[in-house]
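Q:
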Amino acid sequence: MIKKIILIAFIGILLPTLAIAQSAPAAGEPQQVSCGWDFFCHGLKLFHNISLEIGYLIMAVAGFFISIAASFINILINLSAAITSSVLVQEGFKISLSVANLGFVLAIIVMAYGTIFRLQGYGWKNILWKVVAAAHLVNFSFTIAGTIIDFSNVLGNFFVGAASPENISNFASNLANSLSAQKLLAVKQSTSAGGNLLSFGAAYVGLFASIAATSIFAVLLVIVFFAIAFMLLLRYLWLTFLIILMPIVWLLWVFPTFSQYWSQWWDKFIKWNIFYPAATFFIYLSILSADR
């Protein structure tokens, strides 16, 4: 895994360098004018080259951070697929299940006192069926939650696979392609650095505009990739937390005072399961639209 991260980071740094090499003028294309003894022309060339280097540096830094974010995205996709196999999730669920089973005994005692003292909502007619249902379902809740998560992951991975048919690791690069990263990150060079001050200004307004567009887009692209990685990380943490607490939530469902936490748990659980396939679906649409 570390080797893959290093390889992706190396590619992220290498790509801008290749782009620079490809942008060099080929045979037959206009070449830069020789300045001779014109010191003003040499000064303009120096300013021109420094500006281009700044643009290339921005591309290199952006490529490096995008490669890091892309590796995080791929790692989190793989982690989400094996969330129910995590030792933390399995052991935490077992502990919560043991606590919940003891809690059902407490629920029966509360039901008895509620029936004796005629407490509203705590009589045997209100609680008994919930205790029986929850005591049975809590033992299958891990399988139920795992089935829902697996369905969500399969659906999300379907769109990831459709966006990257050859290899899932190409998902991030395909997303960058759909945002026309190559076009916007190509800093345009001026073919002439000589001439008077007026021609210099006209030539380099375009250069500065290109560098500014490159900088803005590079920052936005890095933010997009890290935002996707961050949301996938939040999804993984939330699902881990929710699965561990699941038996406790089934216990709370029995008591009318705490039953709202059961509804809140399901709301969060469904929401984070829907997020992954929904996000990958719209990303797939953007890649598909860009290709056509």
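Just so you know, we're using our numbering here: the sequence shown kicks off at 138 and counts up by one. All residues carry an ideal CB built from backbone N, CA and C; glycine is no exception.
Does Met383 come within less than 8 Å of chain B when only Cβ atoms are used?
A: The chain inventory of the structure shown lacks chain B, comprising one protein chain alone.
Q: Give me the Cα-Cα distance between Leu374 and Ile353, rounded to the nearest whole angstrom.
A: Answer to the nearest angstrom: the Cα atoms are 31 Å apart.
Q: What span of residues does the alpha helix (DSSP H) with Gly293 cover, start to end?
A: Here the alpha helix (DSSP H) through Gly293 covers Ser278 to Ala300.
Q: I need the boundaries of the alpha helix (DSSP H) containing Thr221, first residue and last residue.
A: Thr221 -> no alpha helix (DSSP H), and no H or E assigned at all.
Q: Are the CB atoms of Thr417 and Val291 nearer to each other than 8 Å?
A: No, they are not a contact pair.
Q: For my contact list, Tyr259 and Val242 are in at a C-beta cut-off of 8 Å; report their separation, rounded to the angstrom.
A: Tyr259 to Val242, Cβ: 16 Å. No contact.
Q: Shortest alpha-carbon distance to Ser188 belongs to which of Thr351, Trp402 and Arg372?
A: Here the closest residue by C-alpha is Thr351.
Q: Output needed for Leu382: all residues of its chain with C-beta closer than 8 Å, excluding positions within five of it in sequence on either side, in chain order.
A: Ser233 and Trp402, listed in sequence order.
Q: Taking all protein chains shown into account, decide if Leu239 is buried (16 or more other Cβ within 10 angstroms of its Cβ) or exposed.
A: With fewer than 16 Cβ atoms within 10 Å of its Cβ, Leu239 is classed as exposed.
Q: Quick one: which unbroken alpha helix (DSSP H) runs of 4-plus residues sit fully inside the stretch 220 to 254? Chain order, please.
A: Those alpha helix (DSSP H) runs which fall completely within the stretch 220 to 254 and span 4+ residues are 224 to 253.
Q: Could you name the residues of the same chain whose beta carbon sits closer than 6 Å to that of Phe279, not counting the 5 residues immediately before and after it, in chain order?
A: Taken in chain order, the residues that qualify are Phe230.
Q: For Ser217, count the other beta carbons within 10 Å of its own beta carbon; 16 or more makes it buried, fewer makes it exposed. Which is it?
A: Result: buried.
Q: If you check the beta carbons only, do Ala299 and Val275 fall under 8 Å apart?
A: No, these two residues do not count as a Cβ contact at 8 Å.
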